[in-house]
Amino acid sequence: MSSPDSSVRVTGAKRAASLPRPGNLLNVSGHARRWPTVTAVIPTLNEAANLRWLMPRLAAVDEIVIVDGESTDGTVETVLAVRPDAKIIVEPPTGKGSAMRTGMAAATSEMIVMLDADGSMDPAEFDSFLALLCRGYDFVKGTRYGCGGGSDDLTGLRRLGNSALTGFANRLYRQNWSDLCYGYVAMRRDAVERLRLESTGFEIETEMCVNAVRAGLRIAEVASHETERRFGESNLNTWRDGWRVLRTMVRLRFKGALEPLPEQQSAPTLSTAHTGPVDPVRLTWRSAAFSRTGTE
Ligand SMILES: Nc1nc2c(ncn2[C@@H]2O[C@H](COP(=O)(O)OP(=O)(O)OP(=O)(O)O)[C@@H](O)[C@H]2O)c(=O)[nH]1
Ligand SMILES: [Mg+2]
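For what it's worth, my numbering labels the leading residue of the sequence shown as -6, then goes sequentially.
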């Protein structure tokens, strides 16, 4: 990721003028020698006011992919005013899940970070996600319940629902997640295809998590603080979307493991010194053994 911060190596043709300095190379653990390139994938539906806050904070990101649901409030223009090089894809507003799948498919960097456009997720946390990806995890999910995390946005009802759904997902998939329904997530780009995502709505966050388990990805949680959406109204409907989350996790549990893609069966893996080898996924009810989730 390119950044004005001296701890981050500058990459990308547009910023080639600023040469990497020795202090910008990562060599903390020996897992990665530099920060990877990063794409921020952002679904937008009438978020112009929020993007005025968010876009300047993404100046260091190599690539920005905006999937816009035909906004009418100048969302696209707001993005382009700050980042004329942003990739903008406009499609009908068929849901956050459809938009995120489109955005992930369009991303070209080594790592992808997904975040909402509403200003509730701070790009200052990118480094926490990326550090874990650099250490060998494939999929890193934010948690508002980790030490240092939190939420100014969760209502009592949503908190209760999320807690029940997280507990149920943990039982179904033998995980120890602390936060299921949170959309601040990062992954290696080569993990995208392995997730075989199909969701159209807010249940995409659940589908990503459970399919990461089904695909045998190395998963970690990292603390994140969610603030209130800065402007505008939520698109989430607690009951409708909670039901879709529940249905998704149960339905996919009965589908068993995701087979590796043919070209990945012999592909070399990243260092597993920290994360350990991934257990083979066995999906019988009595002996389900999934990949481990690390919590940092
Ligand atoms: N392209 C596209 N983006 C969408 C659609 N629905 C929601 N979004 C975006 O998805 C992100 C998440 O939606 P939010 O309304 O913030 O949902 P939430 O985060 O659960 O709810 P609050 O933060 O409490 O408002 C936001 O950036 C929305 O603009 C859609 O149909 N199409
Ligand atoms: Mg939001």
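Even for Gly, the Cβ is constructed at its ideal location relative to N, Cα and C.
Treat the numbers as computed from the prediction; the structure is a model and nothing was measured.
- Those residues placing their Cβ nearer than 6 Å to any heavy atom of ligand 2 are, following chain order, D109, D111, S113 and R222.
- Closest in C-alpha terms to Y177, from the list G142, L150, N169 and G235, comes G142.
- Its chain contains L254 as the residues whose beta carbon lies nearer than 7 Å to that of E186, once the 5 sequence neighbours on both sides are disregarded; these appear in chain order.
- Contact between I212 and G90 does not hold, since the beta-carbon distance rounds to 19 Å and is not under 8 Å.
- Rounded to the nearest whole angstrom, the C-alpha separation of S144 and T95 is 28 Å.
- A residue is called buried once 16 or more other Cβ atoms fall within 10 Å of its Cβ, and V243, having fewer, is exposed.
- Taking the CA atoms as reference points, L153 sits about 10 Å from T159.
- Inclusion of N155 and C174 in the CB contact set at 9 Å is warranted, their separation being smaller than that value.
- Distances taken from the Cβ of F132 to the heavy atoms of ligand 1 include none shorter than 8 Å.
- Per the coordinates, the alpha-carbon of E40 lies some 14 Å from the alpha-carbon of V83.
- For T87, the Cβ falls inside the 8 Å cut-off from some heavy atom of ligand 1.
- Here DSSP, grouped into helix, strand and coil, assigns G135 to strand.
- For the pair L108 and P36, the Cα-to-Cα distance works out to about 8 Å.
- In the displayed model, S144 falls within a strand according to three-state DSSP.
- The beta-bridge partner set that DSSP reports for T71 is empty.
- DSSP places E252 in the coil class of the three-state scheme, outside both helix and strand.
- If you draw a 10 Å sphere on the C-beta of S227, you find fewer than 16 other C-beta atoms in it, and that means exposed.
- Positions of the alpha helix (DSSP H) runs, each at least 4 residues long and wholly inside the segment 89 to 129, are given as 89 to 99 and 119 to 127 in order along the chain.
- Partner residues in the beta bridge of D61, as assigned by DSSP, are T37 and V83.
- Contiguous beta strand (DSSP E) elements confined to the segment 164 to 203 occur at 178 to 181, taking only those with 3 or more residues.
- Of the candidates K248, R237, T30 and E214, T30 places its Cα closest to the Cα of S102.
- Bounds of the alpha helix (DSSP H) holding V243 are T231 to R246.
- In this structure, A42 lies away from I59, with their beta-carbon atoms at least 9 Å apart.
- Using a Cβ distance threshold of 9 Å, R137 and A216 count as a contacting pair.
- Of the other Cβ atoms in all chains shown, fewer than 16 fall within 10 Å of the Cβ of L150; this residue is therefore exposed.
- For V54, no beta strand (DSSP E) encloses it, and the DSSP letter there is neither H nor E.
- Per the DSSP secondary-structure output, V215 pairs in a beta bridge with G135.
- When the five nearest sequence neighbours on each side are left out, the beta carbons in the same chain lying within less than 7 Å of the beta carbon of V72 are those of L44, M48, I59, A79 and I81, in order along the chain.
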